[in-house]
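I have placed the structure first, in the form of structure tokens, so that the comments after it can refer back to it.
Residue numbers (my numbering): 113 to 624.
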């Protein structure tokens, strides 16, 4: 397996992951330059529908070729509709092979429009070796991030993967006008973190299970200078992590708990705990899932993948906010030692739980981790998980549900929308929390109602958050794994959501 080129200033996560995973996705090199570099073989421009017809955005970025180039796109009836792609041979005045235009619609643009347009173009420009992305003249950071995220591709285990790699450029580079060193470093690190989360989610459970997942997380953490602790199944049993022990008990591949600590690089008054669900495969256990689409349950560790990538990103960029990730990992299988409906288990920290459904397993391992994370006494705590099908019913495939402490919840949702991950604030009605009471234990892990499942899960998790901690739960059951078509900078399968939301929160906590 060849190691893909890494983005300039990135975390080199792909090279670390290549030692632990059977395949990793592609990255691109990001550079800044104000003029078309001599090495470029392709130019990316943007089109809008102006008052007098088709218009080139930021025409100064390509100098005197703008008028001739616009005529070429008009001749082939190029569209300015958002994310539409048109490629024409380069005019003689541009020393490149081809010019690709991406539609932006109108000139009423924000950063997410630029990210998505750059990403959509990147998915169609895979044969280009060096791309001069003129969208950087509008927003350099968004153009760089969008192109790098859009260029991600995962070949996986295909036997002809080597042949395909040889037919594509060994290194793709995007050159972005307006991108100084700080912009390049940040964009490369963020896009690499997103790719890291995607790599984990895309890896088959035959190769990614609690032990190997923990090993890869440990390697990433140590390489980034984090303090790392890994508890294996024996340690988890000895220390009373009842949720992890129950969920992981049916598998021959025992559970793990990984702790990754970034001490911060400054004097931030805030500290953040991150918790991510790491169910490396979810059969549902004794409450077996239907067979249809069960293969997608390789993605049930998407929350853990995002949390690991985010804390490593915080260290790579040297943020001032201290961040500690607590990552529970388990495989939910219906083996001879599996936990059963009707069992009563004891979560880490002492609360007893009546199990009504073994397919509501994620909240059990998250609860253990939330108690452990609360022992650090962070000012703020975020957990994220591919937790409930109810999230998809309520908000669809692309919109994370954000629940928790109201002020912090609303701020996280706002930040999520600002980076294009589109989290949406949702309530936790008290009557739903009341339904979690059990006649034989402190709580039951589900209610007997099919209503409000996303809020019910959050109500359960809230019980395990320490006092005086601002807490948010982000449900990414749909957004973490794209089973429909590609769009913008989002590929099929692993998406990397909500890495950018959580990192935006880390930066926000550093300044507030």
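Here a beta-carbon is modelled for each residue, glycine too, at the ideal position from N, C-alpha and C.
Query, Result
"DSSP state of residue 443 mapped onto helix, strand, coil", "strand"
"Element boundaries [beta strand (DSSP E), containing residue 244]", "242-245"
"Straight-line gap, residue 596 to residue 561 (C-alpha atoms, nearest Å)", "29 angstroms"
"Per DSSP, the bridge partner or partners of residue 466", "456 and 556"
"Enclosing beta strand (DSSP E) for residue 613 [first to last residue]", "Counting along the chain, residue 613 falls outside any beta strand (DSSP E), though it belongs to the alpha helix (DSSP H) covering 611-623."
"Residue 493 beta carbon near the ligand NAP (any heavy atom closer than 7 angstroms)", "Because no ligand of any kind appears in the structure shown, any question about the ligand NAP cannot be addressed here."
"Residue 257 (DSSP reduced to helix, strand or coil)", "helix"
"Classification of residue 623 by the beta-carbon crowding that lies within 10 angstroms, buried from 16 upward", "exposed"
"Inter-stretch contact (C-beta, 8 angstroms, three-pair minimum) for the region 591-608 and the region 496-511", "yes"
"Enclosing beta strand (DSSP E) for residue 234 [first to last residue]", "Looking at the DSSP string, residue 234 is not in any beta strand (DSSP E); the run it does join, the alpha helix (DSSP H), is 223-236."
"Buried or exposed by the 16-neighbour rule on C-beta atoms within 10 Å, applied to residue 239", "exposed"
"Chain-order list of residues whose beta-carbon lies under 6 angstroms from that of residue 611 (same chain, five-residue window excluded)", "305, 306, 309, 418, 421 and 422"
"Other residues of its chain near residue 378: CB distance less than 6 angstroms, five sequence neighbours each side excluded", "432"
"Sequence-distant residues of its chain with Cβ nearer than 7 angstroms to residue 363 (five each side left out)", "443, 445 and 447"
"Residues of its chain near residue 191, where Cβ-Cβ distance is below 6 angstroms and the 5 sequence neighbours each way are ignored", "215"
"Residue range of the unbroken alpha helix (DSSP H) whose run includes residue 303", "293-314"
"Those residues which DSSP pairs with residue 210 across a bridge", "154 and 201"
"Burial state of residue 149 (16 or more Cβ within 10 Å)", "exposed"
"Buried versus exposed, by CB contacts within 10 Å (16 or more), residue 269", "exposed"
"Stretch pair the region 221-231 + the region 245-259: three plus CB contacts closer than 8 angstroms", "yes"
"Outcome for residue 146 when other beta-carbon atoms lying within 10 angstroms are tallied against a minimum of 16", "exposed"
"Check whether residue 477 and residue 565 have beta carbons under 8 angstroms apart", "no"
"Per DSSP, cross-strand counterpart(s) of residue 174", "Partner(s): none; residue 174 has no beta bridge."
"Beta-carbon gap between residue 157 and residue 181 smaller than 8 angstroms", "yes"
"Where residue 142 sits in the DSSP three-state scheme", "strand"
"Proximity of residue 111 and residue 522 at Cβ, strictly below 8 angstroms", "The chain is shown only over 113 to 624; residue 111 falls outside these bounds and no answer can be derived."
"Residue burial classification, residue 454 (beta-carbon count within 10 angstroms, cutoff 16)", "exposed"
"Continuous beta strand (DSSP E) stretch holding residue 497: start and end", "492-497"
"Residue nearest to residue 374 in terms of C-alpha spacing, selected from 438, 130, 471 and 524", "438"
"4 or more residues per run - each alpha helix (DSSP H) lying fully within the region 317-353", "322-335 and 345-350"
"Where the beta strand (DSSP E) through residue 586 begins and ends", "582-587"
"Residue 160 - partner residues in DSSP beta bridges", "167"
"Backbone CA spacing between residue 292 and residue 567 [nearest angstrom]", "43 angstroms"
"Residue environment, residue 415, which counts as buried when at least 16 other CB atoms sit within 10 Å", "buried"
"Cβ shell of residue 332 (< 7 angstroms), same chain only, five flanking positions each side left out", "125, 128, 420 and 424"
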